[in-house]
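Encoded as structure tokens, the structure appears first; notes follow it.
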Amino acid sequence: VQYGTTTVDGDTVPELVAFVATNAGYLHAFKATDGTELFSFIPQEPLTGLPAVTENGGGDKGYGLDGSVVAWVDDVGDDGIITAGTDRVILYFGMRRGGRNIYAVDVTTREEPKLLWAIKGGFGDYAELGQTWSTLNVEKIKDGADDKTVLVFGGGYDATQDNALARRLDGVGRTVFIADAITGEQLWSARAKPIVCVTMFCIPLWNGSASSVATSSVAAQPASSSRQLSIVELGTSGSRLSSQILVPSFP
């Protein structure tokens, strides 16, 4: 993420920060110019895995924050300079093999990370969310007359498949979610089944069995109508790929 510019050996260069999640459970921030660490942050849930990491006693590989880090950079002036109070930088990441949660961390001030929210898979509106394998997409969608920034992601992986001797029905992960990027609130979801009705439209969600979980990222592109988002493609377990079009909207 570019926060502005800085001077290196007399030259003006972009002031870049690299954000990296690790299987130890930490989110790290490093200055790109010299590798200096700015912070490390660990959510509550991976804390239980730290003894195994620090004691190095062998055993199975541990997974903490195993997912990709995605940044939403809201640079209002589009000047390449992040100004607190005006602009916004939020990081989103799941746990992949590490668990079923999704986190949002505000890093507008790069040395002061703030946890905004955590989606906890298996509970409430996200009971269907499995291990969070699906990379989060930051998109725009219409909310009435206003634009809303949202996260679009698949329902993840059902870990009970790990030891299955033959392909079986998934118990979780069979859903596509749209969540508010600021609050994490679920705005919309659709579960895999032959027909899904969205407002006035009834269309297939994805091809194949309703047992397929949405483990990949969800490809999206601008819609041709007044709605701003069409979900067009996602990969599922069982080597399935959908090419159906889904147009979510809000009243």
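Residue 6 is where the sequence shown starts when you use the working numbering, and the numbers rise one by one after that.
Glycine included, each C-beta is placed from N, C-alpha and C at the ideal position.
The model shown is predicted, which means the values in this text are computed figures rather than measured ones.
Around the Cβ of residue 42, a 10 Å sphere holds fewer than 16 other Cβ atoms; the residue is exposed. In the DSSP assignment, residue 55 falls within the unbroken alpha helix (DSSP H) covering 55-60.
In this structure, the beta-carbon distance from residue 98 to residue 69 does not fall below 7 Å. The three-state reading of DSSP puts residue 30 in coil, since its state is none of H, G, I, E or B. Judged by DSSP in its simplified three-state form, residue 162 adopts strand. Each of 166, 10, 21, 107 was checked against the Cα of residue 140, and the nearest Cα belongs to 107. In the DSSP assignment, the residues bridged to residue 194 are 182.
When the beta-carbon positions are compared, residue 74 and residue 96 come within less than 7 Å of each other.
Judged by DSSP in its simplified three-state form, residue 93 adopts strand. Minimum Cα-Cα distance from residue 153 among the listed residues 189, 138, 162, 88 corresponds to 189.
Cβ neighbours of residue 35 within its own chain (closer than 6 Å, five residues either side excluded): 23, 42.
By the neighbour-count criterion, in which a residue is buried when 16 or more other Cβ atoms sit within 10 angstroms of its Cβ, residue 178 is buried.
At a Cβ-Cβ threshold of 7 Å, residue 127 and residue 161 do not count as neighbours. Annotated as proximal: residue 77 and residue 143, with beta-carbon spacing under 7 Å.
Non-local beta-carbon contacts of residue 11 in its own chain, meaning distances under 7 Å to residues more than five positions away in sequence, involve 18, 20, 38 in chain order.
The closest CA to that of residue 101, considering only 67, 129, 147, is found on 67. Annotation for residue 148: the continuous beta strand (DSSP E) segment containing it runs 142-148. Excluding five sequence positions before and after residue 47, the CB atoms of its chain that fall closer than 7 Å to its own CB belong to 30, 31, given in chain order.
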